[in-house]
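Protein chains: 2
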Amino acid sequence: MAKPKKTPRPKAITPKGFRDYFGTEVTERKAMLDQIAAVYHLYGFEALETSAVETVEALGKFLPDVDRPNVGVFAWQEEPEAEKPGDWLALRYDMTAPLARVAAQYRNELPSPYRRYAMGPVWRNEKPGPGRFRQFYQCDADTVGAPSVAADAEICAMLSDTLEAVGIPRGDYIIRVNNRKVLDGVLEAAGLPDTEEFSDVRGIVLRTIDKHDKFGDEGVMALLTEGRKDESGDFTKGAGLATTQVELILGFVNGRQVDNDATIARLGALVEGAQTGIDGVDELRQIANLLAGQGYGPDRIVIDPAVVRGLGYYTGPVYEAELTFKIEDEKGRVRDFGSVAGGGRYDDLVKRFTGQEVPATGMSIGVDRLLAALTAKGRMGATAQGPVVVTVMDRDRMNDYMAMVTELRQAGIRAEVYLGNPKNFGNQLKYADKRMSPVAIIQGGDEEAKGVVQIKDLILGTKLAENASLEEWKDRPNQFEVPRGEMVAKVREIIEGYS
Amino acid sequence: MAKPKKTPRPKAITPKGFRDYFGTEVTERKAMLDQIAAVYHLYGFEALETSAVETVEALGKFLPDVDRPNVGVFAWQEEPEAEKPGDWLALRYDMTAPLARVAAQYRNELPSPYRRYAMGPVWRNEKPGPGRFRQFYQCDADTVGAPSVAADAEICAMLSDTLEAVGIPRGDYIIRVNNRKVLDGVLEAAGLPDTEEFSDVRGIVLRTIDKHDKFGDEGVMALLTEGRKDESGDFTKGAGLATTQVELILGFVNGRQVDNDATIARLGALVEGAQTGIDGVDELRQIANLLAGQGYGPDRIVIDPAVVRGLGYYTGPVYEAELTFKIEDEKGRVRDFGSVAGGGRYDDLVKRFTGQEVPATGMSIGVDRLLAALTAKGRMGATAQGPVVVTVMDRDRMNDYMAMVTELRQAGIRAEVYLGNPKNFGNQLKYADKRMSPVAIIQGGDEEAKGVVQIKDLILGTKLAENASLEEWKDRPNQFEVPRGEMVAKVREIIEGYS
Numbered sequence: 000m001a002k003p004k005k006t007p008r009p010k011a012i013t014p015k016g017f018r019d020y021f022g023t024e025v026t027e028r029k030a031m032l033d034q035i036a037a038v039y040h041l042y043g044f045e046a047l048e049t050s051a052v053e054t055v056e057a058l059g060k061f062l063p064d065v066d067r068p069n070v071g072v073f074a075w076q077e078e079p080e081a082e083k084p085g086d087w088l089a090l091r092y093d094m095t096a097p098l099a100r101v102a103a104q105y106r107n108e109l110p111s112p113y114r115r116y117a118m119g120p121v122w123r124n125e126k127p128g129p130g131r132f133r134q135f136y137q138c139d140a141d142t143v144g145a146p147s148v149a150a151d152a153e154i155c156a157m158l159s160d161t162l163e164a165v166g167i168p169r170g171d172y173i174i175r176v177n178n179r180k181v182l183d184g185v186l187e188a189a190g191l192p193d194t195e196e197f198s199d200v201r202g203i204v205l206r207t208i209d210k211h212d213k214f215g216d217e218g219v220m221a222l223l224t225e226g227r228k229d230e231s232g233d234f235t236k237g238a239g240l241a242t243t244q245v246e247l248i249l250g251f252v253n254g255r256q257v258d259n260d261a262t263i264a265r266l267g268a269l270v271e272g273a274q275t276g277i278d279g280v281d282e283l284r285q286i287a288n289l290l291a292g293q294g295y296g297p298d299r300i301v302i303d304p305a306v307v308r309g310l311g312y313y314t315g316p317v318y319e320a321e322l323t324f325k326i327e328d329e330k331g332r333v334r335d336f337g338s339v340a341g342g343g344r345y346d347d348l349v350k351r352f353t354g355q356e357v358p359a360t361g362m363s364i365g366v367d368r369l370l371a372a373l374t375a376k377g378r379m380g381a382t383a384q385g386p387v388v389v390t391v392m393d394r395d396r397m398n399d400y401m402a403m404v405t406e407l408r409q410a411g412i413r414a415e416v417y418l419g420n421p422k423n424f425g426n427q428l429k430y431a432d433k434r435m436s437p438v439a440i441i442q443g444g445d446e447e448a449k450g451v452v453q454i455k456d457l458i459l460g461t462k463l464a465e466n467a468s469l470e471e472w473k474d475r476p477n478q479f480e481v482p483r484g485e486m487v488a489k490v491r492e493i494i495e496g497y498s
Numbered sequence: 000m001a002k003p004k005k006t007p008r009p010k011a012i013t014p015k016g017f018r019d020y021f022g023t024e025v026t027e028r029k030a031m032l033d034q035i036a037a038v039y040h041l042y043g044f045e046a047l048e049t050s051a052v053e054t055v056e057a058l059g060k061f062l063p064d065v066d067r068p069n070v071g072v073f074a075w076q077e078e079p080e081a082e083k084p085g086d087w088l089a090l091r092y093d094m095t096a097p098l099a100r101v102a103a104q105y106r107n108e109l110p111s112p113y114r115r116y117a118m119g120p121v122w123r124n125e126k127p128g129p130g131r132f133r134q135f136y137q138c139d140a141d142t143v144g145a146p147s148v149a150a151d152a153e154i155c156a157m158l159s160d161t162l163e164a165v166g167i168p169r170g171d172y173i174i175r176v177n178n179r180k181v182l183d184g185v186l187e188a189a190g191l192p193d194t195e196e197f198s199d200v201r202g203i204v205l206r207t208i209d210k211h212d213k214f215g216d217e218g219v220m221a222l223l224t225e226g227r228k229d230e231s232g233d234f235t236k237g238a239g240l241a242t243t244q245v246e247l248i249l250g251f252v253n254g255r256q257v258d259n260d261a262t263i264a265r266l267g268a269l270v271e272g273a274q275t276g277i278d279g280v281d282e283l284r285q286i287a288n289l290l291a292g293q294g295y296g297p298d299r300i301v302i303d304p305a306v307v308r309g310l311g312y313y314t315g316p317v318y319e320a321e322l323t324f325k326i327e328d329e330k331g332r333v334r335d336f337g338s339v340a341g342g343g344r345y346d347d348l349v350k351r352f353t354g355q356e357v358p359a360t361g362m363s364i365g366v367d368r369l370l371a372a373l374t375a376k377g378r379m380g381a382t383a384q385g386p387v388v389v390t391v392m393d394r395d396r397m398n399d400y401m402a403m404v405t406e407l408r409q410a411g412i413r414a415e416v417y418l419g420n421p422k423n424f425g426n427q428l429k430y431a432d433k434r435m436s437p438v439a440i441i442q443g444g445d446e447e448a449k450g451v452v453q454i455k456d457l458i459l460g461t462k463l464a465e466n467a468s469l470e471e472w473k474d475r476p477n478q479f480e481v482p483r484g485e486m487v488a489k490v491r492e493i494i495e496g497y498s
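Protein sequences appear in the order of chains D and R. For what it's worth, numbering that gives the first Met the number 0 labels the leading residue of the first sequence as 0, then goes sequentially. For what it's worth, numbering that gives the first Met the number 0 labels the leading residue of the second sequence as 0, then goes sequentially.
Now the structure itself:
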């Protein structure tokens, strides 16, 4: 065996912007993803797991967060082979780019339409910040090859079912639907047609109105005309549009009416004469009808022109799921929880590879956001019960202690024997405490001779320590003796009493 | 929106050595990992998910496959910050190195002993080959901070339970246990003590006898003395040991006797006078006793000195699970399926970081190997039933078709409406076929007027097409009409008949 070299010790640290997940952090996320996958499966979606690594060429430059210029990928170059420079490889930054690659690569084998879901980590090489990590989970569902807006309606219905399946009750969320074509019609009407000349300013408009809920009408007006000074005094240069242009755009953003029919009528009026816009309004009407026909009423899904989505690649319907219950933010201000999922139609991503237009639509759930929401609702983050701990009073009798845990496990009870140094018994109980064990088993020589074990009810013990006078506990001992043969039954009784 | 540039189209390909997993490839692996996690959990192990990315410094040079010098990591350098060069980061190549880092980093917070399991992909930058990928799954369980061999015995028992839980019946596997200390004692007795001088030759001996089942006694003797010419005529230089030295080593490798007691006695004789070896034999005796005491007899776990494990870092007990049923290899030769999991005690890995010795032991399951074994046993890889497909006869009635799938889903039946271009009805049935749909629903204008739907039993249809004369099917129509209100019940009846 190689001897350790006399080099300085390596630092035991997670790389900057990465983190570790322990115990229930892993299992609760997994349980939520399992619930989501069950809904997707019911809707006919198939699992797809691509590798974490893609060629940089295949990933393309479709990084979602256009607002954050320092966002990038983690990339490296392969070793050169036969004097050809190696390919550049990178970790995927989302699930959509790999799907577009798969849809192109396997276009002759996959069913069309292809409904697929994908869950897993993605990586972004960006400056880490509080709560912002460089590896995080996404959970996507997309339909490739379905031109009809029925596919978009289906995704919205599935998103609604998914939120309820994981435990967000109806009334605590709303799915808002818009259409980029309508926005295109409005921009055209505002003198900003979809041509190379106006490409940049249209991008700015898009990103600004995506933040409408943050800036308000006034802020958007300032940002799109002369510029805006924020609370800290920083000035953001304006986009230089005329007030009348921005008024038209704001009229669109604020176009939501009392019900979907009224909203659609209002949007129709706004895009009058612009064919793309008219098509977009018609699509929204179809989506609203399909959803209403399946019982997804305005308590769950509404047409709302305020939804824009930051991504450049959307070409039709866009949708966003927002949680409407209140939470306190880090500064103690009460606000809506906000967006946890979103998506839309992107008909050009597969075309990058094949040259042929392939319609596609899909959504991505922000896994960490949704988990945080469920924790805020008290549906996650409960203290999980640890295993029963069989303590070691006599290290020569390890066989007996292991027999106890084996019996407990065979009865389906999570259990372990203490495997540290057994000399200090206090350490064993401290360990059981740290493990959140409900019960500790103790058997020294005396107990063995009498054919009994001591059962220590650790949850009751904690309660007694906290408030020993409480009526309901005062007559219950938190440690007692039972015949060895009754150990499993007694432990089960205690555990079931607390679960 | 940015316009697509006139650059050449990217290639839609998976990078070399990577692959995509579709549908049941994903869900069957997941189901197996869930079964494994349930056993680990029952044993008191806690989930840990570290990020895919570690600092190269933390990973260290502990790549498992010492035989393959071109094995490496995927690594890249962070951007420099404040004139300091950026850290080198890399994708993890196994689950053990990140565990050692975590055990050191959180040593004050984690319970001790710390039992953890980890499942997920690992990455190796090696030359891809047939069936060898650069990203693959591992599934590990380790106990950190438990000096007692009871921890090793527990891992072996858990491995046995795990194999049975996923569907490998008792008798189809064997877990073989050895101890590096015994091997050390034998090497010492053979004049190869654990000193810097003999470090290289000991490494060669280790890797050679790890391949004893491939080379046989003669091959090992040749490789460790003068060298060996293989079937193709290639000559491998020998390690230059004397025949008597190798005989001692081979006596150890072949030391397994009729039962554990006899094997232990034989090993005791071989290491006589070498304290490390004596300690090792004593540990094996304890492990055998603990396992026998819990009912894990020689039909499941045996002491076998032929198990060496390739890894340099093991310091005590090593263990390997082998599947003993026969399969045909790619050349049509019948052979044992072979190893699917293994591990051992490594007391020095955490010490790299902290300077303090932290005992640890654990195992890794080769997820793909185990899945392949289950497929070979017919427990995986069955054709999964697809969703019910509701066809679209009239695109203006999408609302009705979507109402049908909604009803089916609400009854828990996986279903989807055809979302491609509905013009060619034949394409819709071909799609249902590709989706492995058990049933297609058809409702044109006539059926709608009559208040009925057509149900097409696609599985029966396939059977009839294959062999229409079979008695049991000849009177069953594979397409028939039912009242719209009975659709869900009838579909359920058909699906349940086939599952």
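Quick reminder that beta carbons are idealized off the backbone N, C-alpha and C, glycines included. Fair warning: this is a prediction, and the values are worked out from it, not measured in the lab.
Assigned with DSSP and collapsed to three states, Ile12/D falls in coil, not helix or strand.
Ser159/R sits in a helix when the DSSP states are folded into three classes.
For secondary structure counted as the alpha helix (DSSP H) over 4 or more consecutive residues, the segment 257 to 322 of chain R holds these complete runs in sequence order: 259 to 269, 274 to 292. Taken through DSSP and simplified to helix, strand or coil, Val487/D comes out as helix. Straight across, the Cα-Cα distance linking Asp347/R with Ala359/R is about 8 angstroms. Secondary structure of Pro120/D (DSSP, three-state): strand. Judged by DSSP secondary structure, Lys429/R falls within the alpha helix (DSSP H) whose first and last residues are 424 to 433.
At a cut-off of 8 angstroms, the C-beta of Arg8/D has a neighbouring C-beta in chain R. Only residues of its own chain outside the window of five on either side were considered, and among them Thr262, Arg265, Leu266, Leu269, Pro304 have a CB closer than 7 angstroms to the CB of Gly254/R, listed in chain order. Distance check between Ile12/D and each of Ala36/R, Ala99/R, Tyr430/R places Ala99/R closest, using alpha-carbon atoms only.
The residues Gly385, in chain order, have a CB closer than 6 angstroms to that of Arg434/D in the same chain once the five nearest residues on each side in sequence are set aside. Chain D places a beta carbon closer than 8 angstroms to that of Leu47/R, counting this residue as a contact. With a cutoff of 8 angstroms on beta-carbon distance, Met157/D and Leu373/D are scored as not near each other. Across the set Ser231/R, Val219/R, Asp258/R, Glu230/R, the C-alpha of Val219/R shows the shortest separation from the C-alpha of Gly239/R. Under the three-state reduction of DSSP output, Val72/D falls in the coil class, being neither helix nor strand. When beta bridges are read from the DSSP output, Met362/R appears opposite Ala140/R, Gly342/R. When 7 angstroms is used as the limit between beta carbons, Pro120/R is near these residues of chain D: Ala51, in chain order.
Listed along chain D are Ala11, Thr13, Asp19, Phe21, each with a C-beta nearer than 9 angstroms to that of Val101/R. Taking 8 angstroms as the CB threshold, Phe73/D lines the interface with chain R. Judged by DSSP in its simplified three-state form, Thr23/D adopts helix.
No Cβ-Cβ contact shorter than 8 angstroms links Ala402/R with Arg408/R.
Distances from the CA of Ile173/R to each of Asp367/R, Cys155/R, Arg396/R, Ser147/R were compared; the closest alpha carbon is that of Cys155/R. Sixteen is the threshold: since fewer than 16 other Cβ atoms of the shown chains lie within 10 Å of the Cβ of Ala241/D, the residue is exposed.
At a cut-off of 8 angstroms between beta carbons, Asn420/R contacts chain D.
Distance check between Ile412/D and each of Gly443/D, Val366/D, Met486/D, Gly425/D places Met486/D closest, using alpha-carbon atoms only. No residue range can be given for Glu230/D, since it is assigned to no alpha helix (DSSP H) and is classified by DSSP as neither H nor E. For Val438/R and Val387/R, the gap between their C-alpha atoms comes out near 5 angstroms. With contact defined as three or more Cβ pairs closer than 8 angstroms, the segment 85 to 105 of chain D and the segment 118 to 133 of chain D are in contact. With contacts defined as CB atoms closer than 8 angstroms, Arg284/R and Thr314/R fail to qualify as a contacting pair. Assignment of Ile412/D by DSSP, reduced to helix, strand and coil, places it in the coil class.
As a beta-bridge residue in DSSP terms, Ile173/D pairs with Glu321/D. The C-beta distance from Lys455/R to Asn423/R rounds to 16 angstroms, too long to fall under 8 angstroms, and the pair is not in contact.
Residue pairing for Asn178/D: DSSP places it in a beta bridge opposite Pro316/D.
Annotated as distal: Leu47/D and Ala96/D, with beta-carbon spacing of 8 angstroms or more. Considering only beta carbons, the part of the segment 345 to 378 of chain D lying closer than 9 angstroms to chain R consists of Asp347, Val349, Lys350, Arg351, Phe352, Thr353, Gly354, in chain order. Annotated as distal: Val333/R and Leu322/R, with beta-carbon spacing of 8 angstroms or more.
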